[in-house]
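Enquirer:
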Amino acid sequence: MHVTQMGEGPPLVLLHQAPRSWDEFREFIPLVAAEHRVVAMDMVGFGASVKVPGPQSIELYARGVHEVLAALGISDVDVLGHHTGALVALEVAAASGANESDAHIGHLVLSSCPFTGPERRARPADKDGVDCADRRDDGSHLMTLWNKRFPYYPSPRGPLLDRFLRDALTFGIDPAEGHRACDRYRIEDRIGLITSPTLLTGASDDPFAMPNLPPLRKHLTGAASVRVHVVDGGTVALFEDKAAEIAGPVKEFLRDA
7 MHVTQMGEGP PLVLLHQAPR SWDEFREFIP LVAAEHRVVA MDMVGFGASV
57 KVPGPQSIEL YARGVHEVLA ALGISDVDVL GHHTGALVAL EVAAASGANE
107 SDAHIGHLVL SSCPFTGPER RARPADKDGV DCADRRDDGS HLMTLWNKRF
157 PYYPSPRGPL LDRFLRDALT FGIDPAEGHR ACDRYRIEDR IGLITSPTLL
207 TGASDDPFAM PNLPPLRKHL TGAASVRVHV VDGGTVALFE DKAAEIAGPV
257 KEFLRDA
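If you want it as structure tokens, here you go:
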């Protein structure tokens with residue numbers, strides 16, 4: 007497992023969206039490392055971490071998080087995840103205590119979290135999803151991946167899409183598998199187990215995530231408290247493009263909740 011760390015203080019683990027890596031938080035990390043020991047990991051199957059065959063699962067990704075925390079000797083931790091990483095963060099908190107070595111989850115930040123209930127699982131599989139592209143000898147899949155993400159990224163898009171493509175093309179990764187894992191996850195069986203104070207964050211210009219805020223808020227019935235914050239002008243690339251705007255409410259939540 008590949009881990010990047012910075013700072014001292016209460017541990018905060020960061021979990022990226024699929025098919026990204028810790029690099030998604032490159033701008034965000036220094037903004038919170040003044041107050042926290044930041045642990046930004048490549049989840050199982052992504053980045054420089056171990057690759058595993060599909061089908062993958064949110065539960066597999068979450069178990070990888072707990073094992074990394076145990077290896078680092080971290081017994082109490084705050085967890086932040088973005089998109090797929092948010093669903094993993096939710097499962098990390100729901101599964102905490104399943105093993106004696108599991109870390110206790112303090113605060114939970116769910117950024118642009120999917121809501122993968124029965125309605126989503128009932129939809130036919132999307133064979134033309136945003137990260138679906140058959141690898142071709144002529145390299146045309148590079149433009150396919152670029153063009154599918156293009157409408158959802160802020161200008162200037164080039165530098166951000168370069169970073170996305172680098173992660174999506176990492177050896178051993180199927181860029182779409184993380185989204186399939188989301189689709190398979192039974193959130194309705196797990197979200198009620200969350201007891202941690204929870205911050206739900208959204209990005210106003212992220213059409214994939216904004217509709218999920220109301221059902222997430224509705225079903226977080228066991229959480230000690232729930233806050234909601236929406237970053238105006240935020241997109242799928244929230245943590246690269248709006249690092250300062252999201253760092254402020256996150257730090258305030260971790261101090262006060």
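The numbering used here runs 6 ahead of the 1-based position in the sequence shown.
For every residue, glycine included, the Cβ atom is placed at its ideal position computed from N, Cα and C.
(1) Is the beta carbon of Val237 sitting closer than 7 Å to the one on Lys248?
(2) Hey, which unbroken runs of the alpha helix (DSSP H) at 4 residues or more fall wholly within the region 69-128?
(3) Find out if the Cβ-Cβ distance for the pair Ala99, Ser27 is shorter than 7 Å.
(4) By Cβ distance, which residues of its chain are closer than 7 Å to Glu94, with the 5 residues on each side in sequence left out?
(5) Quick one: using the 10 Å Cβ neighbour count with 16 as the cut-off for buried, is Val74 buried or exposed?
(6) Quick one: which unbroken alpha helix (DSSP H) runs of 4-plus residues sit fully inside the region 214-248? Chain order, please.
(7) For a quick check, are the C-beta atoms of Ser102 and Ala209 less than 7 Å apart?
(8) Roughly how many whole angstroms lie between the Cα atoms of Gly145 and Ala139?
(9) Let me know if Asn218 comes out buried or exposed under the rule of 16 or more other beta-carbons within 10 Å of its beta-carbon.
(10) Go ahead and pull the three-state DSSP assignment for Met12.
(11) Return helix, strand or coil for Ala139, following the three-state DSSP convention.
(12) Does the structure place the region 75-84 close enough to the region 179-191 that three or more beta carbon pairs sit under 8 Å?
(13) Could you check what DSSP says for Leu18 in three-state terms: helix, strand or coil?
(14) For Gly164, report the span of its alpha helix (DSSP H) as first-last.
(15) Let me know the secondary structure DSSP gives Val45 once reduced to three states.
(16) Given a cut-off of 7 Å on the beta-carbon distance, is the pair His8 and Ala54 in contact?
(17) Looking only at its chain, what residues have a beta carbon closer than 6 Å to the beta carbon of Arg43, apart from the 5 residues adjacent to it on each side?
(18) For the region 148-163 and the region 113-133, state whether three or more C-beta atom pairs, one from each stretch, are separated by less than 8 Å.
(19) Note down the Cα distance separating Ala253 from Leu37, rounded to an integer number of angstroms.
(20) Can you name the residues that DSSP bridges to Gly208?
(21) To the nearest angstrom, how far is the alpha carbon of Ala92 from that of Val115?
(22) Can a CB atom of chain B be found closer than 7 Å to the CB of Ala68?
(23) Given Ala185, which residues of its chain have a CB within under 8 Å of its CB, disregarding the five upstream and five downstream residues?
Expert: Well, looking at it:
(1) Taking 7 Å as the cut-off, the Cβ atoms of Val237 and Lys248 count as close.
(2) Qualifying alpha helix (DSSP H) stretches, in chain order: 90-101, 124-128.
(3) No, these two residues do not count as a Cβ contact at 7 Å.
(4) According to the sequence displayed, residue 94 carries Val and not Glu. For Val94, where only same-chain residues beyond five positions count, the Cβ hits under 7 Å are Leu21, Met49, Ile64, Tyr67, Ala68, Val71, Gly87.
(5) Burial call: buried.
(6) Whole alpha helix (DSSP H) segments, 4+ residues: 219-225, 244-247.
(7) For the 7 Å CB-CB criterion, Ser102 and Ala209 do not form a contact.
(8) It is roughly 11 Å from the alpha-carbon of Gly145 to the alpha-carbon of Ala139.
(9) Residue environment analysis places Asn218 among the buried positions, since at least 16 neighbouring C-beta atoms fall within 10 angstroms of its C-beta.
(10) Strand, per DSSP.
(11) Coil at Ala139, not helix or strand.
(12) Cβ pair count under 8 Å is below three, so no.
(13) Under the three-state reduction of DSSP output, Leu18 falls in the strand class.
(14) Per DSSP, the continuous alpha helix (DSSP H) segment holding Gly164 begins and ends at 163-174.
(15) Three-state result, Val45: strand.
(16) Contact check for His8 against Ala54 passes: the beta carbons are separated by less than 7 Å.
(17) Closer than 6 Å at Cβ, skipping near neighbours: Gly13, Glu14, Gly15, Pro17.
(18) Three or more beta-carbon pairs separated by less than 8 Å are not found between the region 148-163 and the region 113-133, which leaves the two stretches without contact.
(19) If I take the Cα positions, the gap works out to 7 Å.
(20) Paired residues: Val236.
(21) Approximately 8 Å, taken between the alpha carbons.
(22) Protein chain content of the structure displayed is limited to a single chain, and chain B is not contained in it.
(23) Position check: residue 185 holds His in this sequence, whereas Ala was assumed. If we look at His185 and ignore the five residues flanking it on each side, its Cβ neighbours are Ala24, Thr90, Gly135, Val136, Asp137.
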